[in-house]
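Report on the following structure.
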Ligand code: ARG
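Residue numbers (UniProt numbering): 10 to 468.
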């Protein structure tokens with residue numbers, strides 16, 4: 010009956026409000042596969058331990074397989090009245106096989122059940138992320154190989170700093186996404202213990218075999234060791250969200266660079282039509298929408314991490330219903346992280362690199378000033394600070410004349426420091442600059458090729 014106090018959409022009263030706040034089926038139906046896998050492993054173990062009969066086990070497994078087909082075929086009716094995926098499946102199982110369905114929940118609680126389902130789901134998502142990151146890294150390796158010799162300006166403070174190669178810049182992203190992939194693998198290792206059998210929080214009096222279910226479900230670390238921790242713990246979800254946030258941050262920095270590089274002012278790259286859009290009013294425009302959206306996805310992924318940290322921070326042990334709020338955040342972050350990685354893999358793979366603009370830009374802003382200073386140290390024996398000072402004079406002179414450092418005459422250089430010889434002109438080109446940076450991890454084309462070779466081994 011409608012109630013003036015509840016009003017609006019809750020016209021049907023307190024029961025409807027309770028259902029609205031309590032039911033999780035609208036989002037946790039995503040876990041149906043994991044829930045059924047978990048129930049199959051649990052029922053199989055219960056029968057092996059003589060806790061349920063082989064006959065009941067057989068009809069439970071039969072029913073669960075039917076339910077999986079029904080859900081996959083779109084004929085399963087999800088009910089909010091039944092709260093969540095666990096109750097929806099169990100209730101359907103009873104319709105299908107009768108009273109034997111009631112034996113499935115022996116020595117189990119929804120607390121360990123949901124901990125299991127969610128862990129299995131996050132583990133699969135991490136495995137998918139591993140593959141996706143490997144794909145992104147491969148695309149960068151290909152671009153780096155093509156552009157190991159392509160000179161571009163390197164920036165600090167977004168001001169021209171020193172010439173680098175585009176290949177070297179690509180390999181910086183390989184390092185970043187490589188660390189992300191390592192975090193993914195560590196996260197899989199950390200969560201790889203089975204929660205099932207922790208029951209409500211205290212374990213169970215039935216003689217279950219948690220090692221058996223752990224093995225059946227593919228948890229390489231065996232069962233979790235403490236039942237209270239097991240039903241209270243969402244570290245695996247938090248760890249996924251933190252590594253997702255760090256990865257999204259990397260994607261966002263890359264997106265930002267693509268946005269900047271694709272402006273007519275920079276003109277370093279051209280996005281393919283598939284990853285850009287036109288303007289409805291300005292015919293000349295080609296907008297980097299996909300990159301901008303990747304940059305924006307970081308907001309919701311970071312938001313999901315903060316949301317779940319905040320949900321968890323004040324919870325007493327063990328399970329509290331607050332923890333039901335974990336799933337939407339993780340599902341949303343996962344979907345958007347997958348999408349952002351896929352979009353970036355596509356964008357980086359088919360963007361056109363404008364090597365002429367990059368090279369021209371690399372030579373502006375007195376980018377080889379450090380090379381001049383280094384030459385004075387190496388060839389004229391000046392302390393670096395004095396060389397820096399003399400180079401400052403050369404830059405000021407070139408600036409005053411409106412020319413590049415390499416356009417100054419030998420006489421002009423010698424007016425700054427008489428020890429300077431013609432040899433100076435060899436180090437002032439952008440190619441000579443990058444070629445000279447042979448220190449381990451530096452931008453020299455040979456160094457970049459070594460980085461690529463190392464990563465090819467890792468991948
Ligand atoms: N839907 C619940 C969740 O997502 C399942 C666990 C419910 N357990 C309970 N004792 N009410 O957390």
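Quick reminder that beta carbons are idealized off the backbone N, C-alpha and C, glycines included. As the structure is a computational prediction, the values presented were derived from the model and not from experiment.
Asked: C-beta contact flag for residue 90 and residue 28 at 9 Å; Found: yes
Asked: Burial state of residue 332, where buried means 16 or more other Cβ atoms lie within 10 Å; Found: buried
Asked: Start-end ranges of the beta strand (DSSP E) lying completely within the stretch 165-212, minimum 3 residues; Found: 168-174
Asked: Local Cβ density within 10 Å of residue 189, reported as buried at 16 or more and exposed below that; Found: buried
Asked: Cβ-heavy atom distance, residue 88 to the ligand ZN, below 8 Å; Found: Absence of the ligand ZN is noted for the structure shown, with the ligand ARG being the only ligands found.
Asked: Close Cβ partners of residue 298 (< 6 Å) along its chain, the five nearest in sequence each way excluded; Found: 286
Asked: N- and C-terminal bounds of the alpha helix (DSSP H) containing residue 344; Found: 335-359
Asked: Inter-residue spacing [alpha-carbon to alpha-carbon] between residue 354 and residue 152; Found: 11 Å
Asked: Counted within 10 angstroms of its Cβ, other Cβ atoms place residue 140 as buried (16 or more) or exposed; Found: exposed
Asked: Cβ separation of residue 271 and residue 278, assumed to be a contact under 8 Å, to the nearest whole Å; Found: 5 Å
Asked: Chain B within 9 Å of residue 305, Cβ atoms only; Found: In the displayed structure, chain B is absent; only one protein chain is listed.
Asked: Separation of residue 103 from residue 68, as counted between CA atoms; Found: 11 Å
Asked: Burial state of residue 214 (16 or more Cβ within 10 Å); Found: exposed
Asked: Buried or exposed by the 16-neighbour rule on C-beta atoms within 10 Å, applied to residue 168; Found: exposed
Asked: Continuous alpha helix (DSSP H) stretch holding residue 122: start and end; Found: 119-155
Asked: Heavy atom of the ligand ARG within 8 Å of residue 123 beta-carbon; Found: yes
Asked: DSSP-derived helix/strand/coil call for residue 243; Found: coil
Asked: Cβ-based burial, residue 326 [other Cβ within 10 Å; buried from 16]; Found: exposed
Asked: Closer than 8 Å: residue 46 CB and nearest the ligand ARG heavy atom; Found: no
Asked: Three-state secondary structure (DSSP) of residue 163; Found: strand
Asked: Residue 461, buried or exposed, once every other Cβ within 10 Å from all chains shown has been counted against 16; Found: buried
Asked: At least three beta-carbon pairs within less than 8 Å, the stretch 390-399 to the stretch 408-416; Found: no
Asked: Cut-off 8 Å between Cβ atoms - residues of its own chain near residue 38, not counting five sequence neighbours on either side; Found: 80, 87, 94 and 97
Asked: Residue 310 versus residue 84: straight-line alpha-carbon distance, rounded; Found: 33 Å
Asked: Where the alpha helix (DSSP H) containing residue 69 begins and where it ends; Found: 63-82
Asked: Outcome for residue 344 when other beta-carbon atoms lying within 10 angstroms are tallied against a minimum of 16; Found: exposed
Asked: Under the three-state DSSP convention, the category residue 430 falls into; Found: coil
Asked: Residue 361 versus 159, 306 and 349, residue with shortest Cα-Cα distance; Found: 159
Asked: Residue 433 versus residue 454: straight-line alpha-carbon distance, rounded; Found: 22 Å
Asked: Chain-order list of residues whose beta-carbon lies under 6 Å from that of residue 316 (same chain, five-residue window excluded); Found: 338
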